[in-house]
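A quick write-up on the structure given underneath.
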Amino acid sequence: MNPVEEVHKCSEGSVHQSSSALNDGEGSPVNSSASSPLERSELSLCGAHSSSKSLPIHRPHSPTNHSQTASSSPSDPSLLIKTLTLNHQYFDPNTTRPHSSSLSLSPQTYEETTQKSAMGDDTTTVGVDEYSSESDNESSRKKKEDTKRPNADGINWMKNLVLEEWRKYGFITQTKRDAEMWAQTLACPGSEARGNVLRRIMAVLRWGGLFYRQKAVAFDKRKQNEESQEYQFKNWSDTTWPICTALSHGGRIVIQLPKSTNKGDKSSHDFSFWNWLITGDKKGDIAKLVTTSTSGDHCLKKGKVVFKRLSATHGLEFEENEIPIMGEAKKVLIEQKTKGFSLRDTKMLRSSEYTLRHHRHWGMNIPMGGEGQMLLTGVKSTANGSNGHLYLYHMAPKHDSYGGVMIGLEGSEYGKFDQTGEYHGVSAKSSAFSPTFGFKWHSKEHLDLTSVKGPGKYDCMYIDLTSGWDYIVEKFEQEWKDEMVKETSLRAPNNPIVATRKFSFKFSVINIKSTQRAKKWRAAVKQRHELPDALSHKDMIVQSSKTTKFF
1 MNPVEEVHKC SEGSVHQSSS ALNDGEGSPV NSSASSPLER SELSLCGAHS SSKSLPIHRP
61 HSPTNHSQTA SSSPSDPSLL IKTLTLNHQY FDPNTTRPHS SSLSLSPQTY EETTQKSAMG
121 DDTTTVGVDE YSSESDNESS RKKKEDTKRP NADGINWMKN LVLEEWRKYG FITQTKRDAE
181 MWAQTLACPG SEARGNVLRR IMAVLRWGGL FYRQKAVAFD KRKQNEESQE YQFKNWSDTT
241 WPICTALSHG GRIVIQLPKS TNKGDKSSHD FSFWNWLITG DKKGDIAKLV TTSTSGDHCL
301 KKGKVVFKRL SATHGLEFEE NEIPIMGEAK KVLIEQKTKG FSLRDTKMLR SSEYTLRHHR
361 HWGMNIPMGG EGQMLLTGVK STANGSNGHL YLYHMAPKHD SYGGVMIGLE GSEYGKFDQT
421 GEYHGVSAKS SAFSPTFGFK WHSKEHLDLT SVKGPGKYDC MYIDLTSGWD YIVEKFEQEW
481 KDEMVKETSL RAPNNPIVAT RKFSFKFSVI NIKSTQRAKK WRAAVKQRHE LPDALSHKDM
541 IVQSSKTTKF F
């Protein structure tokens, strides 16, 4: 049987009951008349949960986290972590309605709320999202005619919930939801092949040594001093956020690949990393899982998981010079942003074999939150292009040039609505919410995550594998567990933790004197060795009767 057809079935009990049947963790029913969506949902994460056990996010011990755990106030984030997965609730049009006192999230009101958020940032952020023009007539027409547009009541209920959650607990709840939804996606990916592709991507993020920075000079309209800390790359592990969070709030991750080692043909490309990422084998046949069709629905009917995208607004170019970052890590590629519809890097009127190798824009629909699981908006997640879409850009390395893969998570496939009601068109506006029901890192039109000082919008997340990536394959085959999606990124071998030792002044002086003494002793031994009567090694090291004082 084709592995794509082997659909994963989630365990019984993973699909939640309606909100009226949920308990608060102590046997009492949830109060459906709670004054806010957050109280009604008992601090819900998502509408899906694979088991009664919740896997915690791996976070290094720190005074901040310890102090939060010690607190016991109702608004304490640590209390949220303990109760976050006890009761999950989603919007049910039959039993749950937005409370009359809940906020109305019309565009005007929603923008006003951004200034009142306790953790908001009043500064104007730079950059725009994937498609950001003011109007799109085709998109507007399709929105009116499409009867499959998501339920507006459920979407509005979700928006109220996430906004209130943000005001009370900040970003920690969104990272927790990222981890839970991605873990559920790996548990119920819809097909084995799709799940394995996602696992290998997460393995690269886990062991590849992810770097990030707050801003890129090339995309910052208000350029500051290039030595500013905002432009400097940092280790993702310093944030202690899960690896899945890097993909869950906008932006793309660039993976740099080494030059081809095929010395026989300097013009040939190296497809081994792309083959492994898709098939799990460096020499695997990607044609079994990739189609040159440009429709996700047609891809699904063919039993494939990855399909061709005609165009995208992103691409990769080479840096003018290799830029050293940390240790032996360097930056050789830069993300490019194009405006509007672009056929850049698109291979048309070519054979299927050529297109599979040299076309650069690809996509994979995923069931964000788990196949068949209920989402916050009250709909079940499926890999139909409306519940998460993974953008994949592949540029194969050659003998004289590096290669790269760029990965980004989008709300929906082109031409479809996402789970928050936004349409993915040529110039449709960016959604205020990510596929994991969180805010974007940066947004000009909506409340964003500027205040948490995460990665910038363009060219701000990358992994350097130019020194090799075989160790990731070995790690993945021997150590990978799906729970690692909830853990942070680890340093790569090309960026080890270097222990620094500070010497006192006294120690330094003694060390210098010892070095000088050794140099003089070697000179004396060498002089004895050159004497004509030096017959053996024993003659060379006979102690002198004289006492030599060097200091």
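The sequence shown lines up with residues 1 to 551 when you count with full-length UniProt numbering. By construction, the Cβ of each residue, glycine as well, lies at the ideal position given by its N, Cα and C atoms.
>> For ARG199, report the span of its alpha helix (DSSP H) as first-last.
In response: It spans 192–207 - the alpha helix (DSSP H) in which ARG199 sits, taken as one unbroken run.
**Message:** Using C-beta distances below 8 Å, list every residue in its chain close to GLN232, excluding the 5 sequence neighbours before and after it, in chain order.
**Reply:** Excluding residues within five positions, the ones whose Cβ falls inside 8 Å are ARG213.
Practice item. In the DSSP assignment, find the alpha helix (DSSP H) that holds HIS442 and state where it starts and stops. Key: Counting along the chain, HIS442 falls outside any alpha helix (DSSP H), and DSSP gives it neither H nor E.
Return the Cβ separation of ILE366 and ARG194 in integer angstroms, given the expectation that the two are a contact with Cβ distance under 8 Å.
Taking 8 Å as the upper bound for CB-CB distance, ILE366 and ARG194 are in contact here, some 7 Å apart.
**Report entry** Cβ pair count under 8 Å reaching 3, the segment 450–466 against the segment 415–434
**Finding:** Cβ pair count under 8 Å is below three, so no.
- [ ] Please name the residue or residues paired with PHE433 in a DSSP beta bridge.
- [x] Beta-bridge partners of PHE433 (DSSP): PHE439.
- [ ] Would you check if there are 3 or more beta carbon pairs closer than 8 Å linking the segment 198–210 to the segment 480–491?
- [x] With the cut-off at 8 Å, the segment 198–210 and the segment 480–491 touch.
Inset, instruction - Could you tell me if LYS308 is buried or exposed, where buried requires 16 or more neighbouring beta carbons within 10 angstroms of its beta carbon? - result: LYS308 comes out buried.
Checklist entry - Smallest Cα separation from GLY425: which of SER386, SER351, THR436, VAL306? => result Check the Cα spacing between GLY425 and each of SER386, SER351, THR436, VAL306: the tightest is with SER386.
Notebook entry, point to check: Going along the chain, which residues of its own chain have a beta-carbon closer than 8 Å to the beta-carbon of LEU356, five neighbours each way excluded?
Noted result: ILE286, ALA287, VAL290, THR292, listed in sequence order.
message: Quick check on the DSSP output: what are the complete alpha helix (DSSP H) runs of length 4 or more inside the segment 341–402, in order along the chain?
response: Counting only runs of 4 or more, we get 352–358.
- What's the call for ASP459, buried or exposed, on a 16-neighbour Cβ count within 10 Å? Buried.
- Any idea what DSSP makes of VAL473, helix, strand or coil? Residue state, collapsed to three classes: helix.
Note to self: If you follow the beta strand (DSSP E) that ARG252 is in, where does it begin and where does it stop?
What the structure shows: Membership of ARG252 in the beta strand (DSSP E) is indicated by the continuous run 252–257.
Checklist line | Residue environment, TYR393, which counts as buried when at least 16 other CB atoms sit within 10 Å | finding: The residue in question, TYR393, is buried, as its Cβ has 16 or more Cβ neighbours within 10 Å.
ask   = Beta-carbon separation of LYS457 and GLY250 under 8 Å?
value = Cβ atoms of LYS457 and GLY250: closer than 8 Å.
query = Thinking C-beta only, is MET395 closer than 8 Å to LEU210?
reply = No, Cβ-Cβ distance for LEU210 and MET395 is not below 8 Å.
**Request:** With a cut-off of 8 Å on the beta carbons, I'd call GLY190 and GLU328 a contact; round off their distance for me.
**Result:** Cβ atoms of GLY190 and GLU328 stay farther apart than 8 Å, at about 39 Å.
*Pick from GLN174, GLU192, LYS330: whose alpha carbon is nearest that of ALA383?*
Distance from the Cα of ALA383 is smallest, within the candidate group GLN174, GLU192, LYS330, for GLU192.
Item to complete: Specify the secondary structure class of SER36 as computed by DSSP and reduced to three states.
Response: Any reading at SER36 must be qualified, since the residue scores a pLDDT of 49, below 50, and its modelled position is unreliable; the value itself is stated next. Secondary structure at SER36: coil, using DSSP grouped into helix, strand and coil.
Thinking C-alpha only, which one of VAL332, ASN160, LEU257, HIS442 is nearest ILE323?
Check the Cα spacing between ILE323 and each of VAL332, ASN160, LEU257, HIS442: the tightest is with VAL332.
**Prompt:** With 16 as the cutoff for other CB atoms within 10 Å, does ALA183 come out buried or exposed?
**Reply:** Its Cβ being crowded by 16 or more others within 10 Å, ALA183 is buried.
The alpha helix (DSSP H) enclosing GLN184, as first and last residue numbers
For GLN184, the uninterrupted alpha helix (DSSP H) run begins and ends at 172–187, by DSSP.
message = Alpha carbons only, please: which of ASP470, SER451, ARG491, LYS519 is nearest the one belonging to ARG167?
response = Minimum Cα-Cα distance from ARG167 among the listed residues ASP470, SER451, ARG491, LYS519 corresponds to SER451.
| query | Residues in its own chain within less than 6 Å of ALA312 by CB, not counting five upstream and five downstream? | reply | Closer than 6 Å at Cβ, skipping near neighbours: HIS361.
> What is the rounded straight-line gap between the Cα of TYR423 and the Cα of GLY363?
Replying inline: TYR423 and GLY363 have their C-alpha atoms roughly 17 Å apart.
- Message: Do GLY438 and GLN229 have their beta-carbon atoms positioned less than 8 Å apart in this structure?
- Response: Taking a C-beta distance under 8 Å as the contact criterion, GLN229 and GLY438 do not qualify as a contact pair.
> If we ignore side chains and look at the alpha-carbon of each, how far apart do LEU277 and VAL305 end up?
Replying inline: Near 13 Å, if we compare the C-alpha coordinates of VAL305 and LEU277.
Practice item. Look at ASN262 and HIS358 and say whether their C-beta atoms are less than 8 Å apart. Key: Going by beta carbons, ASN262 and HIS358 fall outside the 8 Å limit.
_Need the endpoints of the beta strand (DSSP E) that LEU210 sits in, please._
210–212 is the span of the beta strand (DSSP E), which, as asked, contains LEU210.
(request) With DSSP as the reference, label GLN229 as helix, strand or coil. (result) Under the three-state reduction of DSSP, GLN229 is assigned to helix.
Checklist line | Inter-residue Cα distance where the pair is MET368 and LYS453 | finding: Looking at the two C-alpha atoms, the distance is approximately 25 Å.
Spatially closest choice to SER352 from GLY408, THR294, LYS301, SER401, by CA coordinates
Comparing Cα-Cα distances from SER352 to each of GLY408, THR294, LYS301, SER401, the minimum goes to THR294.
What separation, rounded to the nearest whole angstrom, lies between the Cα atoms of LEU186 and PRO435?
Computed Cα separation, rounded: 15 Å.
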